[in-house]
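Undergrad: Residues in the sequence shown are numbered from 20 upward in steps of one, following the numbering used here. Structure below; questions to follow.
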Amino acid sequence: MRAIQISRYGGPEVLDLVELPDPQPGPDEILIDVAAAGINYADTHLADGSYLTSPTLPFVPGSEVIGRTADGRRVMGLTTGGGYAEKVLLPAALAVEVPESIGDGAALALLVQGLSAWHLLRTSARLVAGETVVVNAAAGGVGSLAVQLAKAFGAGRVIATASAPEKQQMALDLGADVAVSGAADGYAERVVEANRGKRVDVILDAVGGRVFDAAFDALGQFGRLVTFGAASREIATPIEPGRLMKRNASVVGFWLSPALAVPGMFAPALTELFELVAAGRVRPVVGGEYPLTDARRAHEDLLARRTTGKLILRPGGESR
Numbered sequence: 020m021r022a023i024q025i026s027r028y029g030g031p032e033v034l035d036l037v038e039l040p041d042p043q044p045g046p047d048e049i050l051i052d053v054a055a056a057g058i059n060y061a062d063t064h065l066a067d068g069s070y071l072t073s074p075t076l077p078f079v080p081g082s083e084v085i086g087r088t089a090d091g092r093r094v095m096g097l098t099t100g101g102g103y104a105e106k107v108l109l110p111a112a113l114a115v116e117v118p119e120s121i122g123d124g125a126a127l128a129l130l131v132q133g134l135s136a137w138h139l140l141r142t143s144a145r146l147v148a149g150e151t152v153v154v155n156a157a158a159g160g161v162g163s164l165a166v167q168l169a170k171a172f173g174a175g176r177v178i179a180t181a182s183a184p185e186k187q188q189m190a191l192d193l194g195a196d197v198a199v200s201g202a203a204d205g206y207a208e209r210v211v212e213a214n215r216g217k218r219v220d221v222i223l224d225a226v227g228g229r230v231f232d233a234a235f236d237a238l239g240q241f242g243r244l245v246t247f248g249a250a251s252r253e254i255a256t257p258i259e260p261g262r263l264m265k266r267n268a269s270v271v272g273f274w275l276s277p278a279l280a281v282p283g284m285f286a287p288a289l290t291e292l293f294e295l296v297a298a299g300r301v302r303p304v305v306g307g308e309y310p311l312t313d314a315r316r317a318h319e320d321l322l323a324r325r326t327t328g329k330l331i332l333r334p335g336g337e338s339r
């Protein structure tokens with residue numbers, strides 16, 4: 020089978036197209052022919068060796084896939100790797116059947132990114148109806164879903180930040196009440212102004228660095244800053260406990276992988292996401308589709324922030 024393999028750490032140039040033997044399923048595993056594999060920002064961190072965990076080299080990246088089993092069932096699921104390939108093994112416990120009415124990209128958007136957005140708001144931020152939510156990088160895969168879920172979960176005001184006017188408009192089209200630049204300089208002032216002069220209750224941030232620092236300055240009393248990434252590759256300034264105490268504020272970290280090992284963190288959330296999509300209350304944004312041979316270009320576009328919504332690889336090059 021064809022696959023994308025990483026045998027050394029670096030940028031997109033380390034993604035090599037190779038031929039590998041077909042994987043053989045073991046106990047509690049299923050083999051699927053991959054129709055599409057999701058591309059996530061975490062994949063770029065895996066490629067350069069900066070992720071929270073590092074698999075043994077060489078490895079095939081890709082943690083979310085959708086495809087068909089030998090008996091024709093259409094399933095998607097999460098795996099510890101191997102998704103950038105024509106075939107992959109899935110843990111049977113993390114494989115779910117997908118309605119034919121939901122496209123590959125939309126379905127994949129509900130896995131890592133949809134589950135992340137759900138848990139960021141429900142589990143980490145513990146959003147209360149009527150609160151103000153700020154979503155940084157709101158045109159991205161997680162951000163575009165978080166904007167819609169915040170509304171669906173009863174947020175009183177949703178403020179989106181994005182790097183370009185067209186991405187800000189996209190967030191508004193998805194239901195944000197206001198959209199502003201996500202640049203670090205002047206961030207707190209713009210966010211507070213967007214909230215009619217008041218500090219905010221919840222900020223979801225995957226940018227990190229100076230944006231994280233500025234986001235903390237925009238938090239109000241009992242505010243929660245939830246960090247789930249560091250796309251800027253910058254190091255944030257440590258926060259002194261006294262600053263937390265003065266605002267009764269919280270800084271909460273979230274990482275999906277270990278969360279899914281907790282009973283009840285996977286199926287119930289995904290079920291609600293399917294229901295919200297079926298009801299038309301949430302619309303996954305599907306961005307670019309790339310053939311497997313263009314995996315490097317996909318990572319280049321993602322790192323350059325030229326993309327919006329969910330990105331997918333097509334091992335067979337076909338669209339659905």
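Here a beta-carbon is modelled for each residue, glycine too, at the ideal position from N, C-alpha and C. Every value quoted in this text rests on a predicted model; they were computed, and no experiment measured them.
Report yes if the C-beta distance between Ala157 and Ala179 is below 7 Å; otherwise report no.
TA: In contact: Ala157 and Ala179 (Cβ atoms closer than 7 Å).
Undergrad: Start and end of the beta strand (DSSP E) containing Ala181?
TA: Here the beta strand (DSSP E) through Ala181 covers Arg176 to Ala181.
Undergrad: Assign Glu150 to buried or exposed, taking buried as 16 or more other Cβ atoms, counted over all protein chains shown, within 10 Å of its Cβ.
TA: Under this definition Glu150 is a buried residue.
Undergrad: Around the C-beta of Ile254, are 16 or more other C-beta atoms found within 10 angstroms, so that it is buried, or is it exposed?
TA: Ile254 comes out exposed.
Undergrad: Once the 5 residues before and after Arg176 are set aside, which same chain residues still bring their CB inside 6 Å of it?
TA: Counting only Cβ-Cβ distances below 6 Å, and skipping sequence neighbours, we find Thr151 and Asp196.
Undergrad: Would you call the region 160-173 in contact with the region 120-133, where contact means no fewer than 3 C-beta pairs closer than 8 Å?
TA: Yes: the two stretches touch, three or more of their Cβ pairs being nearer than 8 Å.
Undergrad: Sort Arg21, Leu50 and Gln240 by Cα distance to Leu39 and report the nearest one.
TA: It is Arg21.
Undergrad: Taking buried to mean at least 16 other C-beta atoms within 10 Å of its own C-beta, is Thr72 buried or exposed?
TA: Thr72 is exposed by the Cβ-count criterion.
Undergrad: Locate the alpha helix (DSSP H) running through Ser349, then write down its first and last residues.
TA: Any answer about residue 349 is impossible in this case: the structure gives the chain only from 20 up to 339.
Undergrad: For Thr14, name the three-state secondary structure that DSSP assigns.
TA: Since the displayed the chain opens at 20 and closes at 339, residue 14 lies outside it and no answer follows.
Undergrad: Tell me the rounded alpha-carbon separation between Leu113 and Gly228.
TA: Rounded to whole angstroms, Leu113 to Gly228 spans 33 Å at the Cα level.
Undergrad: From Gly102 to Ile51, what distance separates their C-alpha atoms?
TA: If I take the Cα positions, the gap works out to 10 Å.
Undergrad: Verify whether the separation of the beta carbon atoms of Ala250 and Tyr70 is less than 7 Å.
TA: In this structure, Tyr70 does not lie closer than 7 Å to Ala250 by Cβ.
Undergrad: Should Arg333 be labelled buried (16 or more other beta-carbon atoms within 10 Å of its own) or exposed?
TA: Burial call: buried.
Undergrad: Quick check: Gln43 and Asp35, are their CB atoms within less than 7 Å of each other?
TA: No, they are not a contact pair.
Undergrad: Measuring alpha carbon to alpha carbon, tell me which residue in Lys265, Ala55, Gly201 and Ser120 is nearest Arg340.
TA: A question about residue 340 goes unanswered here, because the residues of the chain that appear run from 20 up to 339.
Undergrad: From the beta carbon of Val301, is the nearest beta carbon of chain B less than 7 Å away?
TA: In summary, chain B is missing from the structure at hand, where a single protein chain is found.
Undergrad: I'd like the span of the beta strand (DSSP E) that includes Thr246, first residue to last.
TA: Thr246 -> beta strand (DSSP E) spans Leu238 to Thr246.
Undergrad: Given a threshold of 16 other Cβ atoms within 10 Å of its Cβ, counted over all protein chains shown, does Ser338 qualify as buried or as exposed?
TA: Only weak support is given to the placement of Ser338: the predicted model assigns it a pLDDT of 42, under 50, and the question is left unresolved by the model.
Undergrad: Count Cβ pairs between the region 206-217 and the region 184-195 that sit closer than 8 Å; are there 3 or more?
TA: Not touching, per the Cβ criterion.
Undergrad: Where does Glu208 fall in DSSP's three states?
TA: Helix.
Undergrad: Assign Glu119 to buried or exposed, taking buried as 16 or more other Cβ atoms, counted over all protein chains shown, within 10 Å of its Cβ.
TA: It is exposed - the Cβ of Glu119 has fewer than 16 other Cβ atoms within 10 Å.
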